[in-house]
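To convert, take the position in the first sequence, counting from 1, and add 12; that gives our numbering.
Glycine included, every Cβ here is placed at the ideal spot set by N, Cα and C.
Presented below is the structure to which this report refers.
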Amino acid sequence: MLAKYIEEQLIEAAIEAFRKNLPGQVFVEKPENKLQLNNTNYPDRLIIFKIQNKEITYFLEVKNNITTPAIGNLLLNKNKLPHPLLLITNHVTDFLADNLKRKNIEFIDTAGNGFINQKFLYIFVKGNTPPDIFKHIPKNQAFKPTGLKIIFAFLYNPELINKTYREIALQADVALGTVGWVMKDLTKLGYLVKIKGKQRKLLQKEKLFDRWKTEYAERLHPKLLLGRFTGTIDGLPLDLQKNKNILWGGETAAEKITNFLKPQITTIYAKKEQLNEILLKLRLKKDIDGTIEIYDYFWTPKENDNEETVPPILVYADLAATGEQRNIEVAGEIFKKYVIEYLKEN
DNA sequence: GGGCCTAATATTACCATGGA
DNA sequence: TCCATGGTAATATTAGGCCC
13 MLAKYIEEQL IEAAIEAFRK NLPGQVFVEK PENKLQLNNT NYPDRLIIFK IQNKEITYFL
73 EVKNNITTPA IGNLLLNKNK LPHPLLLITN HVTDFLADNL KRKNIEFIDT AGNGFINQKF
133 LYIFVKGNTP PDIFKHIPKN QAFKPTGLKI IFAFLYNPEL INKTYREIAL QADVALGTVG
193 WVMKDLTKLG YLVKIKGKQR KLLQKEKLFD RWKTEYAERL HPKLLLGRFT GTIDGLPLDL
253 QKNKNILWGG ETAAEKITNF LKPQITTIYA KKEQLNEILL KLRLKKDIDG TIEIYDYFWT
313 PKENDNEETV PPILVYADLA ATGEQRNIEV AGEIFKKYVI EYLKEN
């Protein structure tokens, strides 16, 4: 989550830059009252453009940087809203501008680039560079890779929230000191409170998950990739499955859960130390363009967990991260059917 | 591409506190 | 007093940018 003052600065700068593209034609209003939206955690504000006696209302989605996974999340969210969604971001590169345009995601950035596609107004500007002040915006510890591991551990196993820092560090596979940083951050951001003296409680789980899945895809998921391979896979090695050391993920897991998707990429999550054994058993060959991806199995499975796929929250995050329309639709189904269970407030 | 420098991030080791 | 726990300063590691 961006700090509020940075978010405000981004909005102001982007609007100002956008105004310069159309001098004298744009008026902006920001309603004072925060909106209450059913079944939607964000965005929490809207913006009204008045152009040539016509008016359009947008919900705002503010991002420091926009990436493929973030685009996937925007596609997931934009159809839930009663008004169109306007992305405000630091900088949209030429490539990204074309990509957003193709996916009909409207945006403006601090450099003056933008894409507006309404019946009475069409604007597409790209190629401008942003001002220096927005180049380095600090991130919260909670949404750095180790923090993301901890948040996942809490969402996957809610009981962990009231374990000791040492137990949390062990389960999430991070250092003890990291837990302290992350807990402090989550409290500061309003996702964690202490009740009845010592009990901890996770708040706004859906909002936290929404943020997690975006940051996971951008910051942790790429780090977990152990390699890409080619070969033919008929099934997972049974002995490794029994020990819960190897699971299907991504599109492959989505296919097994929903039967809707025909996977183009085979995704496997496995313990790093067993990679060589897996490659031998499945006869896989390293290939940077291969369609079999193996990721590091970074969490600790629950005792009673006997699934052959990774937890649905991870399947959902993996699908959203691809930014592919066909995966986004299946991700939506998985959310309604499975993910929502993990996000219930207790 | 390699070497260097710097900043960001993660871990380790230690300290303070509170309860038994 | 001892031990478990939460908290944090110091240190190590990693990543990214720049120059040659």
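Contacts around residue i, its chain only, beta-carbon distance under 7 Å, and the 5 residues preceding and following it disregarded
| i | result |
| --- | --- |
| Gln211 | Asn174 |
C-alpha gap between residue i and residue j, whole angstroms
| i | j | result |
| --- | --- | --- |
| Gly189 | Glu218 | 26 Å |
| Thr303 | Thr279 | 8 Å |
| Ala229 | Ala109 | 20 Å |
| Phe127 | Leu99 | 10 Å |
| Glu73 | Leu97 | 7 Å |
| Asn51 | Asn116 | Annotation note: pLDDT 40 at Asn51 (below 50); position unreliable, coordinate value reported separately. Spanning the two alpha carbons is a distance of roughly 23 Å. |
| Asn125 | Val137 | 5 Å |
| Leu214 | Leu291 | 39 Å |
| Leu204 | Phe241 | 40 Å |
| Val249 | Leu294 | Looking at the sequence itself, residue 249 is Pro, so the reference to Val does not match. Rounded to whole angstroms, Pro249 to Leu294 spans 8 Å at the Cα level. |
| Ala123 | Ala29 | 6 Å |
| Tyr177 | Phe310 | 18 Å |
| Ile258 | Tyr281 | 6 Å |
| His95 | Glu285 | 49 Å |
| Glu315 | Ala181 | 18 Å |
Sheet register partners of residue i (DSSP bridge)
| i | result |
| --- | --- |
| Thr279 | Gly261, Glu305 |
| Val351 | BP columns for Val351 are empty, so no partner. |
| Arg240 | Glu305 |
Range of the contiguous alpha helix (DSSP H) that encloses residue i
| i | result |
| --- | --- |
| Leu294 | 287-294 |
| Asn129 | Careful: Asn129 lies outside any alpha helix (DSSP H), inside the beta strand (DSSP E) at 126-130. |
| Lys75 | Unbroken run through Lys75 is the beta strand (DSSP E), 66-75; no alpha helix (DSSP H). |
| Tyr134 | Note, Tyr134: premise wrong, no alpha helix (DSSP H); beta strand (DSSP E) at 133-137. |
Where the beta strand (DSSP E) through residue i begins and ends
| i | result |
| --- | --- |
| Lys213 | 211-214 |
| Phe61 | 58-63 |
| Ile245 | Looking at the DSSP string, Ile245 is not in any beta strand (DSSP E), and its letter there is neither H nor E. |
Neighbourhood of residue i by C-beta, 8 Å cutoff - its chain only, sequence neighbours within 5 removed
| i | result |
| --- | --- |
| Leu273 | Glu263, Ala266, Glu267, Arg338, Asn339, Val342 |
| Glu179 | Leu172 |
| Ile360 | The requested residue 360 is not part of the displayed model; the chain covers only 13 to 358. |
Close beta carbons around residue i, own chain, < 6 Å, minus the five adjacent residues each side
| i | result |
| --- | --- |
| Val194 | Gln153, Ala154, Gly159, Ile162 |
| Leu87 | Ile340 |
Near the ligand PLP: residue i beta-carbon under 7 Å from a heavy atom
| i | result |
| --- | --- |
| Ala266 | Summarising the ligand content, the structure contains no ligands, and the ligand PLP is consequently not present. |
Does the region 161-170 come into contact with the region 314-330, if we say contact requires no fewer than three beta-carbon pairs (one atom in each stretch) closer than 8 Å? yes
Three CB pairs or more closer than 8 Å across the region 155-165 and the region 346-357: no
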